[in-house]
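J.:
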Amino acid sequence: MDELAELAERVASRSGRREKVALVASYLSALGDEDLGRAIRFLSGRPFGPRDPRRLAVGHVSLREAVTAASGWDAETVTLSIREVGDIGEAIGLLMRGKTAERPLSLAEAESLYRELARRRGAVEKEELLRECFLRYRPLTLKYFVKVITGDLRIGLHEKMLLEAVAAACGVKPDALRAAAERTGDPAEAALAARHGRLEQISTRLFRPLDFMLARPIASAREVPDPENWLVEDKYDGIRAQAHVAAGRAALFSRGLADVTQAFPDLAAALERLPGSAVLDGEVVAWREGRALPFTALQQRLARKAVPLFLPLEAPAAYVAYDLLLRDGRELMELPIEERRAELERLLAGHDEPLLVAPQRQATDQDELVRLFAEARARGNEGLVLKRRGSRYEAGRRGGAWLKWKQPLATLDVVITAAEQGHGKRATLLSDYTFAVRSGDRFVNVGKAYSGLTDQEIRELTERLRALATARAGPILLVRPEIVLEVAFDGVQKSQRHESGYALRFPRIVRWRRDKRPEDVDSLERVRQIWEASLSSPGRSPSR
Amino acid sequence: MRVEFTGQGIYLADLDLWLDPHHRQRRAWISHAHRDHAGAVHEEVYATAETLALYRIQHGGALEGAALRAVPFGQSWELCGARLTAYPAAHVLGAAQLLVQWRGLRLLYTGDVKLLPPLCGRPTETVRADRLIVESTFGLPIFHFLTREQARERIVAFARCALEEGRCPVLLAHELGRAQEVAHVLCQAGVPVAVHPAAARYLPVYAEAGFPMPGWDEWNGSALPEAALVLPPRFRASVQLPRRRVRIAYVSGWAALDNARARTGAEELIPYSDHAGFEELLELVEATGAREVDVVHGYTGAFARILTLRGKLARAPERPRPEGENG
């Protein structure tokens with residue numbers, strides 16, 4: 001651990017990517033097999049391997065308590081010091097300077113300390129062990145010992161660079177190592193295989209879950225400048241699950257890589273009937289009459305060890321598959337998504353509920369994305385997942401080849417046209433606002449909202465609105481349309497109440513857009529589009 | 001003795017003497033030539049000869065008509081019935097602590113101070129006092145600095161390595177104090193040095209005081225020099241430094257924290273300061289023997305609390321003060 005800390009300092013003091021990789025590679029190549037695994041884990045900010053169920057459960061409070069006890073400084077000095085440093089590991093290293101026995105710490109010893117920390121129950125017991133550690137080891141070592149606990153070394157060594165260094169240290173190509181690391185889900189395991197020339201033997205193993213590819217969240221269609229480059233699927237409100245199938249046996253693994261097969265005997269039975277072997281990625285959803293129900297309908301199943309036979313009827317489940325990672329011993333993860341999808345469709349062709357393939361759609365522009373989003377919501381789903389055309393399956397990564405867009409609905413920018421006083425403690429303030437969208441060169445009202453701003457903002461708005469007042473109609477103050485709000489809502493309906501002919505359902509204020517002018521607000525046309533989109537799913541309003 | 005802590009500076013009313021005031025006053029003691037202490041011109045100024053030499057470079061013609069009184073180290077003078085004596089404070093060249101003896105009371109104003117010997121300048125003398133006014137720029141137990149020997153080694157090794165790689169070593173160092181120290185050690189080690197004009201203008205005063213810089217060049221600012229470049233941090237943003245052609249080091253007390261990398265763009269952090277690090281500061285306070293301590297700059301509240309816990313009568317007088325320029 002002492003050498004690792006010194007290495008980390010050197011890596012932090014080099015800004016060049018290649019220099020960092022070279023430093024790490026030369027350090028790793030001198031390590032024995034067991035230390036190689038430990039160093040790789042520690043350098044990626046993990047005390048244990050990804051499949052190790054142990055958790056440290058050590059928070060900032062415990063670290064602070066322990067360093068307060070070990071350093072002898074008063075709590076205020078320690079708190080201020082941590083704040084000034086900005087990183088608790090670094091702060092602990094600095095606070096313990098000159099106060100430790102400076103004993104050496106090996107990687108193996110550090111690992112057993114982490115295990116002991118995970119084993120101890122209760123904050124007091126953990127803090128006692130931390131205090132002992134803080135008094136025993138070198139300050140620089142403590143800095144990184146703690147950074148592994150908090151999960152980020154902050155030395156500008158990103159996962160990809162670490163893998164490059166591991167590849168260089170083990171004499172293999174970075175791509176080969178990365179692929180192996182994704183298959184095993186454990187870079188340390190891949191490194192060992194690489195070092196001993198067994199990289200080719202690492203393959204996706206059936207009934208041993210792989211890391212899931214993850215989606216990066218986006219908040220609106222505006223973040224997708226090139227909709228034509230993306231495939232669009234609904235985002236289901238279910239449990240992400242990997243299905244492993246071979247020779248009449250099936251298993252389902254959830255995101256925590258836990259085996260959840262027992263909760264879904266109905267799905268397992270259907271999966272067992274698939275020919276050959278396969279690993280599928282998809283979502284377990286509650287399913288009735290051709291549509292997904294909220295996930296809560298399934299939650300009771302997970303709570304039980306074994307699911308009684310009558311439950312599947314109460315809350316029927318379906319497996320909506322959207323990716324295929326392995327087929328009859330052939331790995332597909334490096335293939336473009338379109339090819340994996342084609343294989344998936346072939347595999348599930350002729351199968352019916354509860355095995356489904358997630359419908360895939362396409363958008364040519366952002367407006368169409370917005371429409372698809374509204375449609376997905378109308379079907380009772382959470383939103384959309386966008387998958388980049390031509391992308392491979394990046395196990396364990398949130399790399400941006402998948403995006404998830406999940407929001408109540410797209411928001412609208414509107415302008416305040418009238419305001420009213422509120423009730424209770426807001427009785428003296430203007431806290432209820434009627435708002436409008438653009439229609440040609442006029443503004444037409446589409447709703448009224450009274451929540452979502454802070455008291456401070458309401459006070460400020462009250463002052464601004466009083467200055468903008470043009471007329472009073474009973475309790476209502478009419479104002480010059482100048483102040484722009486961003487509102488969220490559950491849907492659009494036809495309404496006689498407003499001149500626009502539409503009203504937003506359950507509008508709420510997301511934020512005051514001080515950066516926008518009245519001419520920037522959304523148009524009545526946009527409101528009409530959202531209303532029309534909600535019509536294409538008859539029988540259900542867009543709200544949930 | 002009445003000591004007033006005001007937004008204008010510290011005022012010793014019985015002597016009609018201001019300590020490092022921010023605006024023009026009738027009579028002032030200037031502890032050293034950093035802007036936040038020596039930014040104003042006064043009718044009558046007491047300071048060491050070296051501080052006055054630096055002060056003249058900064059204020060030039062504006063000093064016309066001002067009475068500048070050069071005070072030798074260790075020799076007392078009388079003022080309104082008090083005996084005043086200047087003692088070295090290490091900080092920057094000419095920096096001095098001021099001891100005021102008045103009716104049996106010994107009041108010591110340290111100004112900015114460093115206890116370990118500096119790369120350039122006189123070592124600090126510890127002075128016994130009853131009452132102490134001390135700074136706490138680095139008054140938290142996270143600030144540990146290199147000794148001058150360690151700093152010299154790091155600075156020279158950094159510059160040599162970069163030059164061997166074919167890159168220009170850029171050393172970010174405050175224009176008055178660290179810049180001259182860095183230039184001095186590099187020149188002494190035979191490393192070619194180019195100094196930014198804002199720092200270069202003070203070099204002759206350092207050379208005259210016995211810290212020669214043989215062979216330095218003033219940087220003309222047009223291209224990267226084939227030498228180590230000494231650059232005050234405030235010019236960092238306005239200077240083109242192509243990433244692959246330079247190595248950047250930051251020489252400062254603030255370089256004790258990793259977040260200095262993000263703030264300065266430096267790769268190498270060399271935590272050497274012209275202020276005392278935390279332990280030095282505590283040692284300095286203890287060495288004065290003062291029971292009563294006023295903490296006037298930096299982490300004043302925190303450092304006063306730490307002193308209180310150690311049995312001092314310590315305070316952090318409220319005193320709005322402009323941002324310091326040093327560190």
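Chains as they are written, first to last, in our numbering: chain A, 1 to 544; chain B, 1 to 327. Think of the CB as a built atom: it goes at the ideal place given N, C-alpha and C, for glycine as much as any other residue. Every value quoted in this text rests on a predicted model; they were computed, and no experiment measured them.
#1: What do you get for C161 of chain B, buried or exposed, if any count of 16 or more other CB atoms within 10 angstroms of its CB means buried?
#2: Does H144 of chain B get closer than 7 Å to chain A when you measure Cβ to Cβ?
#3: Any C-beta of chain B sitting closer than 7 Å to the C-beta of E19 of chain A?
#4: I306 of chain B versus chain A: which residues are under 7 Å apart at the beta carbon?
#5: For V195 of chain B, which three-state DSSP category applies?
#6: Identify the contact partners of W73 of chain A in chain B, using a Cβ-Cβ distance below 7 Å as the criterion.
#7: Taking Cβ positions only, does V85 of chain A come closer than 7 Å to chain B?
#8: For a contact defined as C-beta to C-beta under 7 Å, what are the partners of E268 of chain B on chain A?
#9: Out of B:Y272, B:H59, B:V113, B:L163, point me to the one whose CA is closest to R24 of chain B's CA.
#10: Could you tell me the alpha carbon to alpha carbon distance between L430 of chain A and L80 of chain A, rounded to whole angstroms?
#11: Three or more beta-carbon pairs under 8 Å between the segment 252-262 of chain A and the segment 409-424 of chain A, yes or no?
#12: Please determine, among A:G156, A:L177, A:H158, the residue with the shortest C-alpha to C-alpha distance to V166 of chain A.
#13: On the DSSP letters alone, give me the boundaries of the beta strand (DSSP E) that T288 of chain B sits inside.
#14: Closest to R305 of chain B by C-alpha separation, out of B:A223, B:G139, B:A183, would be which residue?
#15: In angstroms, rounded to a whole number, what distance separates the CA positions of R505 of chain A and E368 of chain A?
#16: Unbroken beta strand (DSSP E) runs of length 3 or more, entirely within the segment 206-244 of chain A: which are they?
#17: Check R24 of chain B in the structure and name its three-state DSSP category.
#18: Quick check: the segment 119-129 of chain B against the segment 227-237 of chain B, are there 3 or more CB pairs under 8 Å?
#19: Name the chain A residues whose beta carbon is nearer than 9 Å to that of A260 of chain B?
#20: Using the three-state DSSP reduction, which class does Q496 of chain A fall into: helix, strand or coil?
#21: What does the alpha-carbon distance come out to for the pair G396 of chain A and A194 of chain A?
#22: Starting from the C-beta of R442 of chain A, find all residues in its chain whose C-beta is less than 7 Å away, skip the five residues before and the five after it, and write them out in chain order.
#23: If we define contact as Cβ-Cβ less than 7 Å, is E90 of chain A a contact residue for chain B?
#24: At what residue ranges does the segment 27-115 of chain B contain a whole run of the alpha helix (DSSP H), taking only runs of 4 or more?
#25: Excluding the five sequence neighbours on either side, which residues of its own chain have a C-beta within less than 6 Å of the C-beta of G282 of chain A, listed in chain order?
#26: Quick one: which chain B residues come within Cβ less than 9 Å of R10 of chain A?
#27: I'd like to know whether the C-beta atoms of V182 of chain B and A194 of chain B end up nearer to each other than 7 Å.
#28: Using the rule of at least 16 other Cβ atoms within 10 Å of the residue's Cβ for burial, across every protein chain shown, is G89 of chain A buried or exposed?
#29: Step through the CB atoms of chain B and report whether any lies within less than 7 Å of the CB of S26 of chain A.
#30: Give the straight-line distance between the Cα atoms of R120 of chain A and K126 of chain A, rounded to the nearest whole angstrom.
#31: Grab me the residues of A5 of chain A's own chain with a C-beta within less than 7 Å of its C-beta, minus the 5 sequence neighbours each way, in chain order.
#32: L524 of chain A and R438 of chain A look like a contact to me (Cβ under 8 Å); what is the Cβ gap, rounded to whole Å?
#33: Show which residues of chain A have a CB atom less than 9 Å away from the CB atom of A302 of chain B.
#34: Ignore the nearest five residues each way along the sequence and tell me which others in V521 of chain A's own chain have a CB closer than 7 Å to its CB.
#35: Between A:E420, A:L231, A:P225, A:A215, which lies nearest to R240 of chain A when the distance is taken from Cα to Cα?
#36: Taking the C-alpha atoms as reference points, what is the distance between Y236 of chain A and F207 of chain A?
T.: Based on what the coordinates show:
#1: Per the 10 Å Cβ criterion, exposed.
#2: Interface with chain A (7 Å Cβ-Cβ cutoff): H144 of chain B is included.
#3: No, E19 of chain A lies away from the interface with chain B (no Cβ there is under 7 Å from its Cβ).
#4: By Cβ distance, chain A contributes T77.
#5: If DSSP states are grouped into helix, strand and coil, V195 of chain B belongs with the strands.
#6: Going along chain B in sequence order, the residues near W73 of chain A (Cβ under 7 Å) are P141.
#7: When Cβ-Cβ separations below 7 Å define contact, V85 of chain A makes contact with chain B.
#8: For E268 of chain B, the C-beta contacts it makes with chain A under 7 Å involve S13, in order along the chain.
#9: Distances from the CA of R24 of chain B to each of B:Y272, B:H59, B:V113, B:L163 were compared; the closest alpha carbon is that of B:H59.
#10: One C-alpha to the other measures close to 41 Å.
#11: Flag = no, the segment 252-262 of chain A and the segment 409-424 of chain A do not touch.
#12: With respect to the C-alpha of V166 of chain A, the residue from A:G156, A:L177, A:H158 having the closest C-alpha is A:L177.
#13: Note, T288 of chain B: premise wrong, no beta strand (DSSP E); alpha helix (DSSP H) at 278-288.
#14: Answer by Cα proximity: B:G139.
#15: The alpha-carbon of R505 of chain A is positioned some 22 Å away from that of E368 of chain A.
#16: Within the segment 206-244 of chain A, the runs of beta strand (DSSP E) at least 3 residues long that lie entirely inside it are, in chain order, 216-218, 230-235.
#17: Reduced to three states, the DSSP call for R24 of chain B is coil.
#18: Taking 8 Å as the limit for Cβ pairs, the verdict is that the segment 227-237 of chain B does not touch the segment 119-129 of chain B.
#19: Contact of A260 of chain B with chain A by beta-carbon distance below 9 Å is absent, the smallest such distance being about 11 Å.
#20: Coil, per DSSP.
#21: CA-CA distance, G396 of chain A to A194 of chain A, rounds to 20 Å.
#22: Apart from the 5 residues on each side of it in sequence, R442 of chain A has no Cβ closer than 7 Å to any other Cβ in its chain.
#23: For E90 of chain A, the answer is yes, since a Cβ of chain B falls inside 7 Å of its Cβ.
#24: Listed in chain order, they are 35-38, 49-59.
#25: Closer than 6 Å at the Cβ level, and outside the excluded window around G282 of chain A, lie Y319, V320, A321, Y322.
#26: Here the premise fails: no neighbours, minimum Cβ distance about 10 Å.
#27: No, they are not a contact pair.
#28: G89 of chain A is buried by the Cβ-count criterion.
#29: S26 of chain A does not count as touching chain B.
#30: If I take the Cα positions, the gap works out to 6 Å.
#31: Once the five neighbours on either side are set aside, the close Cβ partners of A5 of chain A are L140, T141, K143, Y144.
#32: About 7 Å; that satisfies the 8 Å criterion.
#33: Within 9 Å Cβ-Cβ: E76, T77, L80, S81.
#34: Within the same chain, V521 of chain A has close Cβ partners D413, V414, V415, V437, R438, V484.
#35: Residue A:A215 is the option with its Cα nearest to R240 of chain A.
#36: If you take the alpha carbons of Y236 of chain A and F207 of chain A, they lie about 24 Å apart.
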